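Participant: Take a look at this one; I'll ask things after.
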Amino acid sequence: MKVKGFSLVELMVAMGVGLFLTAGVFTMFIMSAANVTTTSQFNQLQENGRIALALIERDVSQLGFLGDLTGTALTLGTNINIDAVPISASDDCIGGGVNNASFPTAVASNFRLLWGYESGVSAQSLTCLTNARTATDVLQIKRLSGPSIALPNDANRYYLAANVQGGTLFSGDQPAPFVINGRYWEYLHHIYYIEDEAGIPTLKRRVLRKGGMNTSSSFEQLVEGVENMRILYGFDSNGDNSADSFMPVQNVTSLMWDNSLTQRIVALRIFLLIRSIEDDSKYTNNNTYELGDKIIVAPGDNFRRKVISTTLVLENPLMTVN
Numbered sequence: 149m150k151v152k153g154f155s156l157v158e159l160m161v162a163m164g165v166g167l168f169l170t171a172g173v174f175t176m177f178i179m180s181a182a183n184v185t186t187t188s189q190f191n192q193l194q195e196n197g198r199i200a201l202a203l204i205e206r207d208v209s210q211l212g213f214l215g216d217l218t219g220t221a222l223t224l225g226t227n228i229n230i231d232a233v234p235i236s237a238s239d240d241c242i243g244g245g246v247n248n249a250s251f252p253t254a255v256a257s258n259f260r261l262l263w264g265y266e267s268g269v270s271a272q273s274l275t276c277l278t279n280a281r282t283a284t285d286v287l288q289i290k291r292l293s294g295p296s297i298a299l300p301n302d303a304n305r306y307y308l309a310a311n312v313q314g315g316t317l318f319s320g321d322q323p324a325p326f327v328i329n330g331r332y333w334e335y336l337h338h339i340y341y342i343e344d345e346a347g348i349p350t351l352k353r354r355v356l357r358k359g360g361m362n363t364s365s366s367f368e369q370l371v372e373g374v375e376n377m378r379i380l381y382g383f384d385s386n387g388d389n390s391a392d393s394f395m396p397v398q399n400v401t402s403l404m405w406d407n408s409l410t411q412r413i414v415a416l417r418i419f420l421l422i423r424s425i426e427d428d429s430k431y432t433n434n435n436t437y438e439l440g441d442k443i444i445v446a447p448g449d450n451f452r453r454k455v456i457s458t459t460l461v462l463e464n465p466l467m468t469v470n
């Protein structure tokens with residue numbers, strides 16, 4: 149019986165068709181993989197930005213909240229006393245101005261609940277931050293955390309016992325002072341900044357703990373990939389509690405921080421530049437990004453970036469001090 153097979157020409161044609169189909173499938177696979185990487189990184193940028201803003205938003209929106217003393221400037225010896233052991237300057241994060249430590253001091257100056265600067269650019273800075281990323285904003289916030297609690301329950305934190313006339317700051321390992329018709333609140337001092345962590349720009353937070361802001365529990369790593377932060381401060385100049393102008397930290401004077409003029413800080417506009425955690429060798433970034441008044445040009449690297457922004461209105465605008 150005679151058996152017929154493929155001729156050499158037929159085999160060559162079949163192999164050619166097979167190679168063509170294989171190349172097509174391989175090209176589709178590469179394109180699909182690239183699309184997956186791109187989509188994954190864009191989703192990562194969006195999610196990291198959303199989380200970062202959400203973490204800052206709660207602090208900023210509640211800035212100036214002092215429990216039953218809300219709307220009152222804190223003056224040591226007048227409407228506030230301190231039972232807590234003093235924090236040494238080396239263990240504290242002390243901001244610009246004469247009354248900008250974690251606790252109010254006995255000086256004739258407004259106790260600052262809000263302050264900021266641009267790392268490596270502004271004349272004043274927090275000496276406790278030595279590795280903050282250059283040309284990124286730093287934000288300092290002080291407030292009480294609500295709701296009130298029945299009794300302090302954490303020896304590593306600070307609290308305020310207060311009524312409408314005044315209050316006492318104390319640490320959680322001390323007996324809670326009795327205040328007539330008063331309540332107990334946790335006292336917060338937070339600093340937001342950006343620092344490189346193993347080559348990845350990361351949004352971090354320093355928090356006040358018993359003994360100061362240099363304890364092991366005072367350092368919090370929040371969100372990776374936050375490369376820059378820019379904050380514009382909104383001032384009300386006509387008394388209607390809405391911002392009439394927004395300005396960068398370089399334009400905010402000492403008197404304006406103290407709310408000693410006719411202008412009050414009533415809002416913050418926050419811009420975050422989010423960078424992908426991993427690079428993509430098939431992508432080159434030469435884009436320009438606008439963060440309020442700041443323009444940042446990507447250095448031609450392989451990282452994707454995205455600007456996330458929000459405007460936050462202060463629920464408790466800072467007091468005007470005469």
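The numbers in the sequence shown follow the numbering used here, run straight up by one, and end at 470.
For each residue, glycine too, the CB sits at the ideal point set by N, CA and C.
Note that this is a predicted model, so its numbers are computed, not measured.
1. May I have the straight-line CA-CA distance separating proline 396 from glycine 294, to the nearest angstrom?
2. If you count every other CB in all the chains shown that lies within 10 Å of the CB of serine 319, and 16 or more means buried, which is it?
3. Can you find the residues in the same chain that come closer than 7 Å, C-beta to C-beta, to tyrosine 332, ignoring five residues on each side of it along the sequence?
4. Excluding sequence positions up to five away, which residues of its chain have a Cβ less than 7 Å from the Cβ of alanine 415?
5. Give a yes or no on contact between the region 219–234 and the region 266–282, applying the rule of three or more CB pairs nearer than 8 Å.
6. What is the rounded straight-line gap between the Cα of asparagine 434 and the Cα of arginine 452?
7. Given this structure, state the Cα-to-Cα distance separating methionine 160 from proline 349, to the nearest angstrom.
8. Leaving out five residues on either side along the sequence, give the residues of the same chain with a beta carbon under 8 Å from the beta carbon of glutamine 313.
9. On the premise that valine 286 lies in contact with glycine 268, defined as a C-beta separation below 8 Å, what is that separation, rounded to the nearest angstrom?
10. I believe methionine 377 touches threonine 284 by the beta-carbon criterion, under 8 Å. Please report the beta-carbon distance rounded to the nearest angstrom.
11. Counting along the chain, where does the alpha helix (DSSP H) carrying methionine 404 start and finish?
12. Report the three-state DSSP secondary structure of arginine 378 (helix, strand or coil).
13. Pair every Cβ in the region 413–430 with every Cβ in the region 187–196, then say whether three or more of these pairs are closer than 8 Å.
14. Tell me the DSSP bridge mates of arginine 357?
15. For glutamate 345, count neighbouring Cβ atoms within 10 angstroms of its own Cβ and tell me buried if that reaches 16, exposed if not.
16. When we look at the beta-carbon of asparagine 470 and count the other beta-carbons within 10 Å, is it buried (16 or more) or exposed?
17. Determine contact between the region 240–255 and the region 201–215, defined as no fewer than three beta-carbon pairs at a distance below 8 Å.
18. In its own chain, which residues sit with a C-beta less than 8 Å from the C-beta of aspartate 207, not counting the 5 before and 5 after it?
19. Short of 8 Å in beta carbon distance, which residues of its chain neighbour glycine 164, apart from the five on each side in sequence? Order them along the chain.
20. Please determine, among Asn450, Thr170 and Leu370, the residue with the shortest C-alpha to C-alpha distance to glutamine 189.
21. Unbroken beta strand (DSSP E) runs of length 3 or more, entirely within the region 390–446: which are they?
22. Can leucine 370 and leucine 351 be called in contact, C-beta distance under 8 Å?
23. Assign valine 400 to one of two classes, buried (16 or more other C-beta atoms within 10 Å of its C-beta) or exposed (fewer than that).
24. I need the DSSP call for asparagine 196, collapsed to helix, strand or coil.
25. I'd like the span of the beta strand (DSSP E) that includes threonine 459, first residue to last.
26. Among the candidates Phe394, Tyr431 and Val327, whose CA atom is the shortest distance from the CA of phenylalanine 419?
Facilitator: Checking against the coordinates, here is how it stands:
1. Indexing the sequence shown from 1 puts residue 396 at position 248. Indexing the sequence shown from 1 puts residue 294 at position 146. Pairing proline 396 with glycine 294, the inter-Cα distance amounts to about 30 Å.
2. Locating residue 319 in the sequence shown gives position 171, counting from the first residue. Classification of serine 319: buried, given that the 10 Å Cβ count is 16 or more.
3. In the sequence shown, residue 332 corresponds to position 184, counting from 1. If the five residues before and after tyrosine 332 are omitted, its C-beta is found closer than 7 Å to the C-beta atoms of Ser296, Ile297, Leu299, Pro300, Tyr307, Ala309 and Ala324, all from its own chain and listed in chain order.
4. For the purposes of this step, residue 415 is taken as the residue at position 267 of the sequence shown. Cβ neighbours of alanine 415 beyond the five flanking positions: Gly382, Ala391, Thr459, Leu460, Val461 and Leu462.
5. No, the region 219–234 is not in contact with the region 266–282.
6. For the purposes of this step, residue 434 is taken as residue 286 along the sequence shown, with counting starting at 1. For the purposes of this step, residue 452 is taken as residue 304 along the sequence shown, with counting starting at 1. Distance between the alpha carbons of asparagine 434 and arginine 452: 10 Å.
7. Sequence index remark: in the sequence shown, residue 160 carries index 12 (1-based). Sequence index remark: in the sequence shown, residue 349 carries index 201 (1-based). Going by the C-alpha atoms only, they are around 55 Å apart.
8. Here residue 313 refers to the residue found at position 165 of the sequence shown. Excluding residues within five positions, the ones whose Cβ falls inside 8 Å are Asn227.
9. Along the sequence shown, one-based indexing puts residue 268 at 120. Along the sequence shown, one-based indexing puts residue 286 at 138. The pair is not a contact, with the Cβ atoms about 10 Å apart (cut-off 8 Å).
10. Residue mapping note: residue 377 aligns to position 229 of the sequence shown, counting from 1. Residue mapping note: residue 284 aligns to position 136 of the sequence shown, counting from 1. With 8 Å as the limit, methionine 377 and threonine 284 qualify as a contact, their Cβ atoms being about 5 Å apart.
11. For the purposes of this step, residue 404 is taken as the residue at position 256 of the sequence shown. 402–405 is the span of the alpha helix (DSSP H), which, as asked, contains methionine 404.
12. Here residue 378 corresponds to residue number 230 of the sequence shown, with the count starting at 1. Strand at arginine 378.
13. yes
14. Numbered from its first residue, the sequence shown carries residue 357 at position 209. Per DSSP, Gly360.
15. Within the sequence shown, the letter at position 197 stands for residue 345. Around the beta carbon of glutamate 345, a 10 Å sphere encloses fewer than 16 other beta carbons of the protein chains shown; the residue is thus reported as exposed.
16. Reading the sequence shown from its first residue, position 322 is the one you call residue 470. Bear in mind that a pLDDT of 43 at asparagine 470, under 50, signals an unreliable position, so the model cannot answer this.
17. Touching, no, given that fewer than three Cβ pairs across the two stretches are closer than 8 Å.
18. Within the sequence shown, numbered from 1, the residue matching residue 207 stands at position 59. Closer than 8 Å at Cβ, skipping near neighbours: Ile289, Arg291, Leu336, His338 and Tyr340.
19. Position 16 of the sequence shown, counted from the first residue, corresponds to residue 164. Excluding positions up to five away in sequence, the list is empty.
20. By one-based count along the sequence shown, residue 189 stands at place 41. Nearest of Asn450, Thr170 and Leu370 to glutamine 189, Cα basis: Asn450.
21. 393–396, 412–423, 436–439 and 442–445
22. Counting from 1 along the sequence shown, the entry for residue 370 is found at position 222. Counting from 1 along the sequence shown, the entry for residue 351 is found at position 203. Yes, the Cβ-Cβ distance between leucine 370 and leucine 351 is below 8 Å.
23. Taking the sequence shown and counting its residues from 1, one reaches residue 400 at position 252. It is buried - the Cβ of valine 400 has at least 16 other Cβ atoms within 10 Å.
24. In the sequence shown, residue 196 corresponds to position 48, counting from 1. Looking at asparagine 196 - three-state DSSP - the assignment turns out to be helix.
25. As a first step, residue 459 must be located in the sequence shown, where it is residue number 311. 453–461 is the extent of the beta strand (DSSP E) around threonine 459.
26. Translated into the one-based positions of the sequence shown, residue 419 becomes position 271. Ranking Phe394, Tyr431 and Val327 by Cα distance to phenylalanine 419 puts Phe394 first.
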